[in-house]
Every structure is written in C-alpha cells, then in structure tokens.
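K.L.:
Just dropping this structure here.
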Amino acid sequence: MANFTASQKAAITHHGHNVLVSASAGSGKTTVLVERVLQSVLHGQDVTRLLVVTFTNAAAAEMKDRITVALKQELTNHRQEMDEETRHHLAQQIGLVASAPISTIDAFALQIVQQYYYTINLDPGFRILADPTEAIMIQEGVWSDLREVFFSSDEADRFRALSTNFGTDRSDDPLADLIMRVYEYAQTTTDPDGWIAGLADNYRNDLTATGPLMQQLRSTAGPIVEQVQRLLNQAAELLEPEPALAKVADNVAQTRSLTEIVAQALPAENYTAVQTAINDVDWPRWPGGKVADEAAKETKNAAKELRDQAKDVFTKSLGPLFALSASELEPALTAAHDLVDELSHVCLEFKGAYWAEKQRRHVLDFGDIEQSARVILGQADPDSGATVGQIYRDAFDEVLVDEYQDTNPLQEAILNAVSQDGVGNRFMVGDVKQSIYGFRLAEPQLFLDKYARYTPSENLSGDPEVDPAQMGVGERINLAENFRSSRNIIDFTNLIFRQVMDRQVGDIDYQGGEELLLGATDIPADFAPDTELLMYVPGDAEEGANADLDKDVGQVRAVIDRIRALMTHPEKRLYDRKKGDYRDLEYRDITLLVPTRSQNLQIQEEFTAAGIPIVINDAQNYFKTTELQVMLSLLKVVDNPLQEIPLVAVLRSPIVGMTADELAVVRLADRNAPYYAATDAFVRQYDAATADGTTTSAYRKLSRFNDQLRGFRELARGNRLVDLIWSIYNTTGYLDFVGGMPGGPQRQANLRALYDRAHAYEEGGFKGLFAFVHFIELMQQRDKDLDTPVTIDPDTNAVHLMTIHGSKGLQFPVVFLMNASRSLRSSGSHGGQAILSGGQIGVQWLQPDTRVQVALPQYELVRQERDAREQAEALRVLYVALTRAEQRLFVVGYGETQAKLEQSWRDMANTDALVLPAYNRLTASSLLTLIGGSIIRHPQYPGQDMATAALTSDATSFQVSWINHPATVTGQTAAAPIVQPPLTVDVDQWFEYQYPYTAATQTTGFQAVSEIKRLFDDPSLAELHADPQSSGHQVVADGQDAHRFTQTFATPKFMTAGEDERPTAAAVGTATHQVLQSLDLHQAITPDYVATVIEDLVSRNLITAPVARNVNVEHVVAFFTTPLGQTLLATPATVHREVPFAMLMPAGDVFPAMRNDEQNLLVHGIMDGFVTTADGVILYDYKTDHIGHHQDAVVQRYSGQLRLYAQALRQIQPEPVVGLRLVLLETNTVVALPVEGAYDGNSNKS
C-alpha cells in the first residue's frame, strides 16, 4: 500500500470497531473501499461475509468489477510468492465476488423480505412497484374512494373542515397532495404509524415556560437574538470613538437595551412575557443631519448598514415566531390541534387502504420493502429460534456503507439491525459536503451525529486494533487530499467554502479538517489556470443593444464566445496526466453543469446554431419530441374527439397533413360549433362539382382520417391498448415516416418506447385509453420521462451538458457552472398551507369566520428549519459543482449591471471576519451571491476597496469578466454548408477487400483444453471437418474447429421417462475421476476402501447409484500398484489433485488461421494432478477410454492436451516439469510421454 496516504491507510486497515470516513471530493473514496475489501480478503476474509451497501445499482456493479479486478491483479502479480493455501483462497474469492452481498440498500432489503417473508405472514408473490407514476395512479384511486367514504361518514364535518383548510375554492387537491407527502415522509421513519399519530402533539395549547412550544421557540429564537445583538454591538463599537455621532450612538443604544430584555426573557419566561418583550423593541428613526467629517460620515453609514441588517434579521426571523398574542394564539392552537389530529387520522386511514390495495394487486413499493425488512429483522426465525437480525449479524464480519451521508432513518435502522453491538463492525464512508439528495428524504444528520461523536483518528494510538476504551463510540478518519483537481481548483473551492460553510450554515465546520488538500502532485506546479467568472450584465451595454436578448440566452452566448476563444487560442492546453505532457483542448473535455434541466433545449439550440457540437447526458425531453406530441394528441382524440387542440394538432401533423388554408376551409363549414362538429359539417356539405382545389384536398384528407378514427375508436373499446397503438402505427405509416426524418432511428425508438410503456401499464393491472392518457399527463406534470439514460460514445467530440446532481461522482477536465445567478427560492418555497421538514409539520389555520390564514408559531418554526436545510443543501450543491473540475473552472452568472451586482456582493460580505455573517448566508438569493461575497474582499479582486486581513495571505488566482453584449450566434462559420468531397475510392479494390481477422470472428477468446485438444492431430478431427454440423462446432477458414458452442441443450429428464437410462461412458468416467480424487492417500488402497468411498459419494449425492455401480473398482486399485501410484502413496503431502488453471496463449499458436492476429486466447482447464519429486514435477492425467488394440491412437489423441497442461504447470509453480504420465485405467498402463516435446507453438504435431 505504498501509494496510499497515511489517512487512506488508516481507512483501509483499521478494524474491530465502527469507523466513519469523511472523504472529501476526489479523495479516492471508492479506491479506499475496494482496497479495504482486498486487504481483508488477503488476510483470509471471506468476501461473502462482507456486506457492502452502495447508493445505486451502477455503483454496486462497479464495486464488484473493481474488487474482482483487484483480486485478479493481486493473484497474477504475486502468485509466485504466495503459498498454495493463499492462492486457492484468492482464486475462490474471485469466483465468489459475483454472488457477494454487494448491493444497494433497497436490493439488500428485498433479499431479506424474499428470504424471510413468512415471519410476518407476507405473501411472497409480489412484484416491485418501481414506477412512481403507476404508484400515483393507485394512490389516486385509493384516495378517491376514501374521500367519498369520509364525506358520507359520521365524521363528515371534521373531514370537510380539513378539506376547507388545506384545499382551495375549486378543489381539495392540495389536501390530497399533503396526504401523499405525509405518507411518503412517514415511510422513511422507523415507526410510520406512531409518527403520523403524533403529528398533533406539537399543537397542544401550552404556552408555559416549560411547555414544548416554548422549548422549540427558544432553540430557534436564541441564535437569532444573538445575531441581532452581535450586529448592534458592532455598530456601537464603530460609533463609540466618534463624539460627533453621539445621537446616532444613542439611537443604537436604545435598541440594544430593548433587545437585551428579550435575551434575558427568552431562557426562562413564558410565551406571553417573551412576546411582550419582542413587541417592545423599538427601531427609532435613524438620525439625520449632515456630517462634515468624511471619516465620521463613512462610520455613520457603516453603522446604519449594521443596524438595518439587525432590524431585518429581527423583523423577518424573530418577529414571525411571536407574531400572535397569547389571546390570539390559544384559540388558534386549539383549532389547529383538532385539524392536525384529523389529518393524522385521515393519513392513517389512507395508509391502511393503500396497503390493502397493493396487497390486492400483489405489488410492493421500495418503502414497503424496507419497512417489511425492518420488521422482519426483529422477528424470530421459527427454524433457529434466533431473530432474523441476529442471523444476519452472525453472517457478516463487517458492514461497509458507501455514500453514508445519503442514508435515511429507516435505512439506518436496517443497517443497525445487521451490525454488531458494542464497538461495532460498521465501516461508513461518505462526505456530508456532498449530501445533495434532500428531495429523496436523505438525512445527513445521521452522518453529522457520528462525525461529532467519533474520535478523530489522529487522536488515537495508530494501532489498527484500537482499544475500545481509548476510542469511545467509534473512530473518525478524514480524507482531505484531492487527487482529481489541479491547484487552481483546490484553491478556489477552499476560498469560497472557508467563508460560506460552517456548522450554522452547511452543518459542518469547513475549517475543521474539511478543507481540500492538493493530492494531484503529478500536475506541474506552474499549471494553474485562473478560475474565471463570466458575468453577463446587459444593463451596461449601449441602449437597445440587448433589447431582444433573454438573460439566459445572453449567458449561454457568453459561454459560446469563451469556448470559441479557448479553442482558437494557444492557452487551450490541458495537462495529460497519463502521458505526462500537455495536449490540446477538445470539445469532449468541456462539460456544462446546470442547476436544472429547464434550460437544456435553449442551450442545445444556441450551441447548434453556433456550430459547436453538444450532447445532453441526462436529458428528459421525451414527451417534448414531435413524434410523441403527435401520438399523444391522436390518443386524446381517439378517446374524445371534442378536444379541439389535440384534434387540430393531429390534422396539422404528417398523419393527416392538412395545411392552414385547409383547416380554415373546414372551420368555415360551421363557425360556431366545436371543431370536430365542423369537420362533420364540412364532409356533409362537400360538393365535388363546385369545390376548388383546397376544398377537395381537405375533403380527401379529412375523409380518410375520419375512416381511420372510427376504426381506432372501435378498436379502443374492446382491445388492448398496445393493439390500438400498433394499429395506429401500421394504418397511418407514422412509425415508418419518422424513420425517414433526421434522427429517424431515435424517433422510431421513441415511438416503440411508448408502445412498451403501454404494455407495462396494462401489465400493472390498469385498463382503458382515458386512464392511460391521464397516466401520461401525470408523468408530464411530475417531470417524469420514459427515456433511458443517454449513453454517449466516448469517441464523440462534443461538449457535454448535464445537471449538477447528475454529475455527482464524475469529473471533467473543463467545467462551466451555468446560471449561478438562478434564484435559490423556488416559486413554491413559501410552502402553502402546510410544510413538512425535520420530522415536523407546520400548518396555517384558516379562520372560518374571517377566512384569514393564521400562521402559527409551529408553521414558522418548520419554515425556518426547512429554509436553513435547503440553504445548506444549496451550499453542498455548489461544492459538488466546483469539485467536478479537474483543471479549468468557469462560473457563469447574470446581473442587471456591474455596479448593482458588486453591491449585492458587498452587502453579503459586510464583515471583517473570515466567515460571512450567518444571516447573510441563510438569506443569500443565489449561488453567485455566495461566490461574489467570497471573492469581493480578496486582495486580487479588481479595484479592491474592501479587502479583509483574513484573506491577505490567500494565493487563489481568479478573473472576473464583465460581458454586456455577447456576440451573435447565428451566421457563424459552422453554419456554412457541408460539401461532400468527390469519391476517390478504387471500387474494385473496395469490394475485393478481405478482412484480415475473419478467423477471430468465428471463435471465442475463452477456450477449454477439452476443446483445444481436438486440434492436436486427433484421429477424429477429419470426421469433424467432414461433418461440422454433427460436431456442434464451427470450423474456421483453414478447416480447424472454431469451438463456438452451437449444440442443442440436453433433453430434460421428464421428456425421457421410460427410455433407457443406463449411464453413459462420460458419466462413468467423470465418476471414476471423482473417486480417484476422493481417496485418502495416507492409507492403503484396497477394494473395500474404494467401495466405502464410492458409497460415501453416493450418500452425499455427488454421484448417482446407477453410475456408481459401473465404476470399475479393480481398475482403481490396480493403478496404485504401478510405480506412479506407489509414488503418490509414498509422498501424499507433495501430491496436488484437481488443479485449476487459466493462461493466455497467442491465438495463432492454437489456430493457424489466426497466425497474423496479435490477440490472445484465454485457455482454462483442470489438471487431474501432479506430484513434486526431488528432481521436479511429474504431471499425470487419468483416462477411462476403451483402449482395445488402439493404445497408440489414444496416446496420440491426448498428448497435445498434456503438453498444454505442462505449459500451464510451468507458469503456476516454479519447479521444472520432468515427467508427463498418461494413465490408461482400462489396461492399467502408465504411458510416459516425452517432456522435451511439450507444446511447440509452431506445430500441432506430437
């Protein structure tokens, strides 16, 4: 492990207790995890006793591949110095990796359920409800039925009040959405029913100082009051040395004294006292008047900024928590408690009804799987009496968890149940700074709790087996070295995050061991291109210059300009770390990272117009494609022709092909009726004698379509949906039509995907065209798609576009962080009538009489908790984006003008401390605001006027480019027409070309010795050549057997009942080998002993009784009377039996037709055995063939096989091969073959 750092070595070798590894971006997390498994296996660990949990199926597959490769490399590189036991162990482990418990937590939970379903009386005949939209369809049906039950029940008034409070004037859909959100959240908890039932507990009418409400308010309000006091104190300190500003100082002092009263009341007083103290805080008008002294004027302005910020924090954060008086709050709490209690009741009823419906359909979603697994682990197994959890704890020596920061409480409970108690056997690796899946209800606090409690590795003795008393609850190891990025990326990332991430905002102290360290020391020190900020500020351009340019388009065009400059400038160099030299930049090196997919089509259009190739890695635009829009419109029309927009869309599409003039002619037939009625009127009124060309054309097209539509509607009534869709494809020819369009194969694939989705929809138990159309609309509403992840050809030289979330775990030479100025406050961030966050629900009460919404303190508490959580995640998203870059980084953003943008950055950075004010970071409007506030105080910032001492020694280098009018994209050089050069190919030579490696296409690269032996002058080879069909093999160009398996499968036993079942010669031969390998060479080989061994093999079902009766015991015993048999009995410790091997051979040495092919074949087989003597190794091989008078032919048949064995034997052990023995059991003959002639690659003669 010479190439690992000290911290990496600790993460690899420390065992015997719980270990948490905080692995920063680019620190080799996966490499460390693989190496830990490898080292464990090298020390005798069985890989099947290691539970490895990953975040995705792709990560699990990659983990298995990397572990397999590592084990194979270890076995290949160190085979000679390994003892036989170690070699055998490694070879065995390589074969076990594929079946090792390396999977996602979902897959592991599913395995638990499938194996122990009976402990909770669960029906095992279920399928996974993996499609979220299918789940939504079932939920809608359940809710619709349940809603009717509630409205007609005795508690209809309570339910109606619930619907009124959380619904709208038009529908109660928001209530349904809330029910689904509560259910989804509950499914991630360890007690879903208990959590739902306890939602109303926080709404008890208790305003005392010790009540739960005041306890929550204190924990939230305390830091806010401290922030207000800190800002006011800073203002007072500024004003104190200035006698001319005494009135201003008095103004600040007055507010300070009132906030001090709040600070004193908060820890011990009840709600009324604290609310009164807060209401008493006054913010008097700021004193006016001119200040002659310029310095005093600046001091006054600075003090006002601090006072105004304190006021902003107080009124926006503290005020809403205590907005209601006690007299207003008490009745509101009573009403809200009843509302939330009813909400809990409805949610529990929905949960039960939804479960019953899933049971009826025999489906379970992943939440059900994990909940069932949690329950099962606590149940007793009736066979063993132990709990299932204990069975798993006994089965695993270690539990390794990748991406631990993205675990939720339910998954943590499952992992706890299969892990050892006490010091534990958990190895958890992750990076809380990269926890960006809050929308999937990941809980990074689980990581943070252990991060705070576990003992840092550097505080321990350094012994891998640390004393539990010294270690405490666990060990924490930090991997800070970044081996991915060059120094400029590391410096810029650290510059930003030292100032914006701490425990208040971001949940972790970035300066407390989380800063990135340069690990890529192979990159030249002088190669550190500046990080660039590309700021589009259209307001600074000449009037009217950007009048028609959208701000998003302007940013994209600025990026296009910069890419063009990079590609045409000498600076377009990257350092190739594999070659150790510089190389030119290519389009494939560049990746654009976007916050969301909303700009994808816009970016694609602009890049296409500019002639810059671009591919979208994680596009989800399936439903936006023309062919799908047309098909969905047609399905809507088939369902209901009165839908005018879909109808006109179909008529205008290539399926019907009507022009705008023809559509107008149809409308004139009846101007007031629905358009479908107008089409009927038009057809009835058509008169061929008077019709003009446009009318006639419209009539023909419309008549044909009406006939088709009637057929489609008739088909839809009594047939499957897939039959309807395929009939549409066949009748209209639309599937063939799109195949002729640009991108035809992809368009046809899209239409086939719709067919496949309809098939899966009906397989799920859903029926009907209307429901399918609704299903598709649901998918569109929830931004779901049918497309699969895009697989990009690595040879495609194009810019890549993907989301920041999609880029996690990846790295790119050049990164553009797009649209960094995008608002962090989504349109729905206010939360509506209810907010779920942090395990709590916050609701607004709709006052029945006044219809006024009352925001309760609980609502404000949850809202602030959610906002802080989302802001912390936004920081982590930024961290992920910046650390994807390997060598060059660009940040792209927008501001109205340079002056306004820079002022917003100054407002963010109004402190001399290194870390920016917490309130500023919590309320930052965009990632760009955080970045700008972090660089504007840097000494290198252009026109620096507010440098801070905390950054004086920072060596980060960056540039800021202000772009007010990017170049126009249209009409650039790439838009020039492509001219096909004249054909200069010799057509005759072209058609006569012979592929030089044809033989390689007719064989496999994986050959068994039992197949290759036929190449060595086998007497039967001519027969194989004469009748290749009967041999079951293909023949290459020179007549050799290509050994590609084409035989039919064996006939199943149930089809051969009653036929002659006498054992075949091959079965008897295999059984004889089994007997010979099972004999104990330490005792005399007698007929009775051999018979006893055979009986044992039969009892263990290793051979069948009919076959056993045909094993010739006399032949076996007789062999051990030969000199070779006596040698085996005399030195049993030096005998090696059933020795597997695999080796690479030049393909041309085996198949002369491939003599010009430089590729190798992997040859594998199993030797019967060899014995080590003082002179060297004697290799032997048993044969049970019938000999008769053909011994010479049999010997020649197998001599090539033994020569191959001899060549392999030389590679796997160091002793010389001094003897080759062919054991002919039928005649009790041991034939000595010449060693000198062992496999000659230039000949296939014996």
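When the letters of the sequence shown are read in order and numbered with UniProt numbering, they come out as residues 1 to 1246. The beta carbon of each residue, even a glycine, is placed where N, CA and C say it ideally should be. Owing to the predicted nature of the structure, the values given are computational and were not obtained by experimental measurement.
(1) Which residue wins for smallest C-alpha separation from T948, given the options L875, I935, I563?
(2) Beta-carbon within less than 6 Å of P1216's beta-carbon, same chain only, minus the 5 sequence neighbours each way: which residues are those?
(3) Within 10 angstroms of its Cβ, does D406 collect 16 or more other Cβ (buried), or is it exposed?
(4) Relative to the C-alpha of V262, which residue among D907, Q864, I1178, V228 is closest?
(5) DSSP three-state label for T973, please.
(6) List the endpoints of the continuous alpha helix (DSSP H) containing I936.
(7) If you draw a straight line from the C-alpha of Q1040 to the C-alpha of G1200, how long is it?
(8) Which same chain residues end up closer than 8 Å to E1114 when comparing Cβ atoms and leaving out the 5 residues on each side of it in sequence?
(9) For P1140, which residues does DSSP report across the bridge?
(10) Which of helix, strand or coil does DSSP assign to H965?
(11) List the whole-angstrom C-beta distance separating V638 from L769, where the pair is believed to meet the contact cut-off of C-beta under 8 Å.
(12) Note the first and the last residue of the continuous beta strand (DSSP E) segment covering Y1182.
(13) Taking a contact to mean a Cβ-Cβ separation below 9 Å, would you say L231 touches A130 in this structure?
(14) Let me know the secondary structure DSSP gives Y582 once reduced to three states.
(15) Only counting the same chain, and skipping five residues up and downstream in sequence, which positions put a Cβ closer than 6 Å to that of L928?
(16) Is it buried or exposed for Y116, if we count other Cβ within 10 angstroms and need 16 for buried?
(17) Indicate whether D201 and P212 have their beta-carbon atoms separated by less than 9 Å.
(18) How is the beta strand (DSSP E) around R888 delimited, first residue to last?
(19) So the beta strand (DSSP E) A855 belongs to, where does it begin and stop?
(20) Count the C-beta pairs between the region 475 to 490 and the region 443 to 454 that are closer than 8 Å, then say yes if the count reaches three, no if not.
(21) Using 9 Å as the threshold, is the C-beta distance between L446 and E403 below it?
(22) Beta-carbon separation of D581 and K572 under 9 Å?
(23) Enumerate, from N- to C-terminal direction, the unbroken beta strand (DSSP E) stretches of 3 or more residues contained entirely within the region 582 to 614.
(24) Measuring CB to CB, does L329 end up less than 9 Å from L856?
(25) What are the boundary residues of the beta strand (DSSP E) that includes V399?
(26) Applying the 10 Å Cβ sphere with the 16-neighbour rule, what's the burial state of D1038?
(27) When burial is assigned at 16 or more other CB atoms within 10 Å of the CB, is D507 buried or exposed?
(28) What number of angstroms, rounded off, separates the C-alpha of V799 from the C-alpha of I590?
(29) Give the list of continuous alpha helix (DSSP H) stretches no shorter than 4 residues that lie fully inside the region 443 to 514.
(30) By the three-class DSSP mapping on this structure, what secondary structure does Q1191 have?
(31) Cα-Cα, which of M428, L702, P243, M946 is closest to T30?
(32) Across the region 46 to 65 and the region 513 to 533, are there enough close Cβ pairs to call them in contact, namely three or more that are closer than 8 Å?
(33) Could you tell me which of P243, T659, P641, Y392 sits nearest to A295, measuring between CA atoms?
(34) My understanding is that L321 touches A221, with C-beta atoms under 8 Å, so please give their C-beta distance in whole angstroms.
(35) Quick check on D1096: buried or exposed, where buried means 16 or more other Cβ atoms within 10 Å of its Cβ?
(36) Going straight from the alpha carbon of R393 to that of R49, what length do you get?
P.N.:
In short, the structure shows the following:
(1) For this step, residue 948 is matched to residue 948 along the sequence shown. Selected option, being the one with the closest Cα: I935.
(2) For this step, residue 1216 is matched to residue 1216 along the sequence shown. Here the set comprises G1176.
(3) For the purposes of this step, residue 406 is taken as the residue at position 406 of the sequence shown. Counting Cβ neighbours within 10 Å, D406 comes out buried, since at least 16 surround it.
(4) In the sequence shown, the residue the question calls residue 262 occupies position 262. If we check each option's Cα against that of V262, V228 comes out closest.
(5) Along the sequence shown, read from residue 1 onward, the residue named residue 973 stands at position 973. With a pLDDT of only 44 at T973, under 50, the local geometry of the prediction cannot be trusted, and the value read off the model is given with reservation. DSSP places T973 in helix when its eight states are reduced to three.
(6) Along the sequence shown, one-based indexing puts residue 936 at 936. First-last for I936: undefined, no H or E at that position.
(7) Translated into positions along the sequence shown, residue 1040 becomes position 1040. Translated into positions along the sequence shown, residue 1200 becomes position 1200. Only weak support exists for where Q1040 lies, its pLDDT of 40 falling under 50; the coordinates are left without a value.
(8) By one-based count along the sequence shown, residue 1114 stands at place 1114. These residues qualify, in order along the chain: P1087.
(9) For the purposes of this step, residue 1140 is identified with residue 1140 of the sequence shown, where counting begins at 1. Note: P1140 sits in a beta bridge opposite I1166.
(10) Taking the sequence shown and counting its residues from 1, the one referred to as residue 965 is at position 965. Note: H965 maps to coil in three-state DSSP.
(11) Position 638 of the sequence shown, counted from the first residue, corresponds to residue 638. Position 769 of the sequence shown, counted from the first residue, corresponds to residue 769. With a Cβ gap of about 6 Å, V638 and L769 count as contacting.
(12) Position 1182 of the sequence shown, counted from the start, is the residue given in the question as residue 1182. Here the beta strand (DSSP E) through Y1182 covers 1177 to 1183.
(13) Start at 1 with the first residue of the sequence shown, and residue 231 comes out as number 231. Start at 1 with the first residue of the sequence shown, and residue 130 comes out as number 130. Their beta carbons are not under 9 Å apart, which means L231 does not touch A130 by this criterion.
(14) Numbered from 1 along the sequence shown, position 582 holds the residue referred to as residue 582. Strand at Y582.
(15) For this step, residue 928 is matched to residue 928 along the sequence shown. If we look at L928 and ignore the five residues flanking it on each side, its Cβ neighbours are A820, S821, G893.
(16) By one-based count along the sequence shown, residue 116 stands at place 116. When all chains shown are included, Y116 counts as buried.
(17) As a first step, residue 201 must be located in the sequence shown, where it is residue number 201. As a first step, residue 212 must be located in the sequence shown, where it is residue number 212. Yes, the pair counts as a contact, with Cβ atoms nearer than the cut-off.
(18) Within the sequence shown, the letter at position 888 stands for residue 888. Looking at the DSSP string, the run of the beta strand (DSSP E) that includes R888 is 885 to 894.
(19) Here residue 855 corresponds to residue number 855 of the sequence shown, with the count starting at 1. Note, A855: beta strand (DSSP E), 853 to 855.
(20) yes
(21) Working through the sequence shown from its first residue, we reach residue 446 at position 446. Working through the sequence shown from its first residue, we reach residue 403 at position 403. The answer is no: Cβ separation not under 9 Å.
(22) For the purposes of this step, residue 581 is identified with residue 581 of the sequence shown, where counting begins at 1. For the purposes of this step, residue 572 is identified with residue 572 of the sequence shown, where counting begins at 1. Cβ atoms of D581 and K572: not closer than 9 Å.
(23) 590 to 594
(24) Here residue 329 refers to the residue found at position 329 of the sequence shown. Here residue 856 refers to the residue found at position 856 of the sequence shown. Contact flag set, yes.
(25) As a position in the sequence shown, residue 399 is number 399, starting the count at 1. First-last of the beta strand (DSSP E) with V399: 398 to 401.
(26) Locating residue 1038 in the sequence shown gives position 1038, counting from the first residue. The pLDDT assigned to D1038 is 39, lower than 50, so where the model puts this residue is not dependable; a value taken from the coordinates is nonetheless given after this. Exposed, because fewer than 16 other Cβ atoms sit within 10 Å of the Cβ of D1038.
(27) As a first step, residue 507 must be located in the sequence shown, where it is residue number 507. By the 10 Å Cβ count, D507 comes out buried.
(28) Reading the sequence shown from its first residue, position 799 is the one you call residue 799. Reading the sequence shown from its first residue, position 590 is the one you call residue 590. The straight-line gap from Cα to Cα measures roughly 5 Å.
(29) 445 to 453, 468 to 471, 487 to 500
(30) Taking the first residue of the sequence shown as 1, we reach residue 1191 at position 1191. It is helical.
(31) Along the sequence shown, one-based indexing puts residue 30 at 30. Ranking M428, L702, P243, M946 by Cα distance to T30 puts M428 first.
(32) no
(33) The count along the sequence shown starts at 1 and reaches residue 295 at position 295. It is P243 whose Cα lies nearest to the Cα of A295.
(34) Stepping through the sequence shown from its first residue, residue 321 is reached at position 321. Stepping through the sequence shown from its first residue, residue 221 is reached at position 221. That pair is a contact at about 6 Å.
(35) Against the sequence shown, residue 1096 aligns to sequence position 1096. Exposed, by the Cβ-count rule.
(36) The sequence position of residue 393 within the sequence shown is 393, counting from 1. The sequence position of residue 49 within the sequence shown is 49, counting from 1. Approximately 10 Å between the Cα atoms of the pair.
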